[in-house]
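Student:
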Amino acid sequence: MPDGPSLAEQEVQQALAACNGDRDAALLLLGQLLSTARRAMCGGFLRLGQPADPHQSRRI
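For reference, each letter of the sequence shown is one residue, going -16 to 43 in the working numbering.
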């Protein structure tokens, strides 16, 4: 296991810093970021379609 904070913990710390330590504001910010990321991912699936076999390895 890597030393130091995980990527999720780093995002939380950045959100807290951006909101001057206000926990509620940081939670709202993280929720907005999650919602935006989800919307972007859903749009990608609509354009490209889901893979036929999710267990198939991706080849470039």
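Built from N, CA and C at the ideal position, the CB exists for glycine as well.
State the Cα-Cα distance for the pair residue 15 and residue 1, rounded to the nearest angstrom.
Tutor: If you number the sequence shown from 1, residue 15 lands on position 32. If you number the sequence shown from 1, residue 1 lands on position 18. Using only the alpha carbons, I get a separation of about 14 Å.
Student: Below 8 Å on the Cβ atoms is my guess for residue -2 versus residue 9; work out the distance and round it to an integer in Å.
Tutor: In the sequence shown, counting from the first residue as 1, residue -2 sits at position 15. In the sequence shown, counting from the first residue as 1, residue 9 sits at position 26. Right, their Cβ atoms sit about 4 Å apart.
Student: Helix or strand or just coil, what does DSSP make of residue 7?
Tutor: For the purposes of this step, residue 7 is taken as the residue at position 24 of the sequence shown. Reduced to three states, the DSSP call for residue 7 is helix.
Student: I believe residue 13 touches residue -5 by the beta-carbon criterion, under 8 Å. Please report the beta-carbon distance rounded to the nearest angstrom.
Tutor: In the sequence shown, residue 13 corresponds to position 30, counting from 1. In the sequence shown, residue -5 corresponds to position 12, counting from 1. Contact holds; Cβ gap of about 7 Å.
Student: Under a three-way DSSP split, which group does residue 14 fall into?
Tutor: On the sequence shown, position 31 is the one that residue 14 refers to. The answer is helix: DSSP assigns residue 14 an H, G or I state.
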